[in-house]
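S.K.: Sharing a structure, written as structure tokens. Questions coming.
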């Protein structure tokens, strides 16, 4: 039996205990009834190319707005994440300071806390901070990442210290060394961590459905998921939307794939 | 600088201390953003979760201290144990298959010409880019009872349609397939990177002694990749046992709980159960298991790199 599960379905009592069979049957019937005549799945090229799906979804202002909104958030998230994590990575890789070991252990420990364990309490925290239903709730909480700090630090550890010493003899301060020496050399780890952050934001689903309530602030995955429930007859539209949603990240990957593949090696695996 | 030769030790220490002090200010400034963000959005929620797990608490009433009651309730709940067992079953269904497939795929990439290898690498990586939401929707369509690709295909062999995600006997397997597909890309790429790192001389020497592909793989490739394979095994385990978006979107955990993995169990509890303490206790118990496994791996992999 098909189960065109709708995200809202979860609010209808204990779904996981099988309590929503009627709701599911209802969804099933609607799904089947209005979408009769499935295409022949093995016919790769459709008889009639329905570019209208693409035209229609591109003409839909909601889709365009959601796409741009998600793009804005993803870019902000990537930039914020790279900035804060690379600064910390530099400090841990190159500077000597009090409590270094303690702070390092503290930061690394956060890597081992599964998202699910703190899902609810994070939700309570952002509620108390009045961040619900804002761009900030999507961009800020996940920006600092111990994994990212660790990855960039591994890279900074490999930069020869003779470069740094030369700069210091010339009278450069630590911050200037970071900006004029380390930052220009940081392209490889930045590409890898930047794409990781961008993808994480672009594909995020659970955090947005918890924290974003107004439909005009939905992010892409959230928007696509509701598409399926509210107008589940329009499979063509949904697929066109999904394809268009995947397109930016595919292009991004094609542009940077050499750096990504080349740099997975230095992720501290060996 | 010139006095360094006169009384080197004390001077060095003095200079060292001065540098240490100077670095401290800058370092704290650089660390401030990460420490504040992690503190507010990770560490505090984790501490708070620990606190709430000892409370009988909901959004509607004041917390009440109940000691270990929540943990005991979780440990006594057969549903919790069933989801943990299912989590391990899901790991067994996905991780070995994914590792074997990725290994053969990586061998193929390394063996073919560079241009073709790029095409292969990009094509295997595409599923990694696609979001779980989209993948779930596509697979629901493939598994569709009356119009899906899979039943249509099986129909040619005279096999009756199967309700892949509607039948408890099949549903977990049906969720495992997209999980493997989504995880394959990154796993293969990491394996490719590791294989490229193995010195060619090993293979040349083996070829001179007349070793075939299987012997080279068995005696050179696999031993050389031991660390990476261990890493992939453990991260695969952690990722698979934490999987919940696929069943959330594809089946909602059903039918009859057959796809309720541990994280989905907790997630559904958060949404449906008034007693938040129970959900949090369950989440913390899961954290103890997963956190221990991850920390061990991290320790093994970075034993010599974590110098400080």
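Protein chains in written order, with my numbering: chain A, 1 to 270; chain B, 1001 to 1308.
Even for Gly, the Cβ is constructed at its ideal location relative to N, Cα and C.
Computed from a predicted structure; not experimentally measured.
Using a beta-carbon distance below 7 angstroms, is residue 1027/B in contact with chain A?
M.R.: At least one chain A Cβ lies under 7 angstroms of residue 1027/B.
S.K.: Beta-carbon separation of residue 1298/B and residue 1091/B under 7 angstroms?
M.R.: No; because the gap between Cβ atoms is not below 7 angstroms, this pair is not in contact.
S.K.: Flag this pair as touching only if the segment 129-145 of chain A and the segment 192-209 of chain A have three or more C-beta atom pairs under 8 angstroms; answer yes or no.
M.R.: Yes, the segment 129-145 of chain A is in contact with the segment 192-209 of chain A.
S.K.: For a cutoff of 7 angstroms on Cβ pairs, would you count residue 205/A as touching chain B?
M.R.: Taking Cβ atoms only, chain B reaches closer than 7 angstroms to residue 205/A, which makes this a yes.
S.K.: Below 8 angstroms on the Cβ atoms is my contact criterion, and I expect residue 1275/B with residue 1053/B to pass it. Report the Cβ-Cβ distance as a whole number of Å.
M.R.: Residue 1275/B to residue 1053/B, Cβ: 11 angstroms. No contact.
S.K.: At 4 residues or longer, what runs of the alpha helix (DSSP H) sit wholly inside the segment 1055-1130 of chain B?
M.R.: Qualifying alpha helix (DSSP H) stretches, in chain order: 1069-1076, 1078-1111 and 1114-1129.
S.K.: So for residue 218/A, helix, strand or coil by DSSP?
M.R.: Correct three-state label for residue 218/A: coil.
S.K.: Within 10 angstroms of the Cβ of residue 274/A, are there 16 or more other Cβ atoms? Answer buried if so, exposed if not.
M.R.: Residue 274/A is absent from the model: chain A starts at 1 and stops at 270.
S.K.: Beta carbons nearer than 9 angstroms to chain B: which residues of the segment 94-106 of chain A have them?
M.R.: Listed in sequence order: 94, 95, 96, 97, 98, 99, 100, 101, 103, 104 and 106.
S.K.: Output, in chain order, the set of chain B residues within a Cβ distance shorter than 7 angstroms of residue 53/A.
M.R.: By Cβ distance, chain B contributes nothing, its closest Cβ being about 15 angstroms from residue 53/A, past 7 angstroms.
S.K.: Along chain A, which residues have their Cβ under 9 angstroms away from the Cβ of residue 1077/B?
M.R.: Result: empty, since nearest Cβ-Cβ is about 13 angstroms, beyond 9 angstroms.
S.K.: Pull out every residue of the segment 1279-1305 of chain B whose Cβ sits closer than 8 angstroms to any Cβ of chain A, in chain order.
M.R.: Against chain A - using a Cβ distance shorter than 8 angstroms - the residues of the segment 1279-1305 of chain B are 1279, 1280, 1283, 1284, 1286, 1287, 1290, 1291, 1294, 1295, 1298, 1301, 1302 and 1305.
S.K.: Who are the near neighbours of residue 38/A in its chain, counting only those whose CB is closer than 6 angstroms to its CB and skipping five residues on each side?
M.R.: At residue 38/A the pLDDT is 48, less than 50, meaning the model places this residue with poor confidence and gives no usable figure here.
S.K.: For residue 1180/B, would you say it is in contact with chain A, using Cβ-to-Cβ distances shorter than 7 angstroms as the test?
M.R.: Output row for residue 1180/B: interface = no.
S.K.: Could you confirm whether any beta carbon from chain A is found closer than 7 angstroms to the beta carbon of residue 1060/B?
M.R.: Not closer than 7 angstroms to any Cβ of chain A, the Cβ of residue 1060/B fails to qualify, so no.
S.K.: Note down, in chain order, each residue of its chain lying with its Cβ closer than 8 angstroms to the Cβ of residue 211/A, except the 5 sequence neighbours on either side.
M.R.: Excluding positions up to five away in sequence, the list reads 123, 126, 131, 132, 133, 137 and 138.
S.K.: Does the CB of residue 253/A have a neighbour CB from chain B at under 7 angstroms?
M.R.: By this cut-off, residue 253/A is an interface position.
S.K.: Could you round the C-beta distance between residue 1106/B and residue 1195/B to whole angstroms and report it? I think they count as a contact, below 8 angstroms.
M.R.: At roughly 6 angstroms, the Cβ-Cβ gap stays under 8 angstroms, so residue 1106/B and residue 1195/B are in contact.
S.K.: If you compare alpha carbons, which of 1100/B, 1205/B and 1249/B is closest to residue 1180/B?
M.R.: With distances taken between Cα atoms, residue 1180/B lies closest to 1100/B.
S.K.: Taking the Cβ atom as the reference point for each residue, do residue 1023/B and residue 96/A lie within a distance shorter than 7 angstroms?
M.R.: For residue 1023/B and residue 96/A, yes; Cβs fall inside 7 angstroms.
S.K.: Along chain B, in chain order, which residues have C-beta atoms closer than 8 angstroms to that of residue 250/A?
M.R.: Under the 8 angstroms cutoff, chain B gives 1126 and 1129.
S.K.: Return yes when at least one heavy atom of the ligand NAP lies under 6 angstroms from the C-beta of residue 145/A, else no.
M.R.: The ligand NAP is absent from the structure shown, which contains no ligands of any kind.
S.K.: Counting Cβ pairs closer than 8 angstroms, one from the segment 99-119 of chain A and one from the segment 1026-1041 of chain B, do we hit at least three?
M.R.: Counting Cβ pairs under 8 angstroms, three or more are found: they touch.
S.K.: Report the option in 1163/B, 1071/B and 1123/B whose CA atom is closest to the CA atom of residue 1284/B.
M.R.: For the residues 1163/B, 1071/B and 1123/B, the minimum Cα distance to residue 1284/B belongs to 1071/B.
S.K.: Once DSSP output is grouped into helix, strand and coil, what is the label at residue 1156/B?
M.R.: Residue 1156/B falls in the coil class under three-state DSSP.
S.K.: List, in chain order, every chain A residue whose beta-carbon is nearer than 8 angstroms to that of residue 1267/B.
M.R.: Those within 8 angstroms of residue 1267/B in chain A are 116, 119 and 206.
S.K.: Give the interface partners of residue 1245/B over in chain A, defined as CB-CB distance under 7 angstroms, in chain order.
M.R.: What residue 1245/B touches in chain A: 205 and 206.
S.K.: Return the chain-ordered list of same chain residues with a C-beta closer than 6 angstroms to the C-beta of residue 191/A, the five sequence neighbours on each side being excluded.
M.R.: So the list reads 256 and 259, once near-sequence residues are dropped.
S.K.: To the nearest angstrom, how far is it from the Cα of residue 1254/B to the Cα of residue 1260/B?
M.R.: Looking at the two C-alpha atoms, the distance is approximately 7 angstroms.
S.K.: Give the residues of chain A in contact with residue 1188/B, contact being defined as C-beta atoms less than 7 angstroms apart.
M.R.: The contacting residues do not exist; residue 1188/B stays about 10 angstroms from chain A at best.
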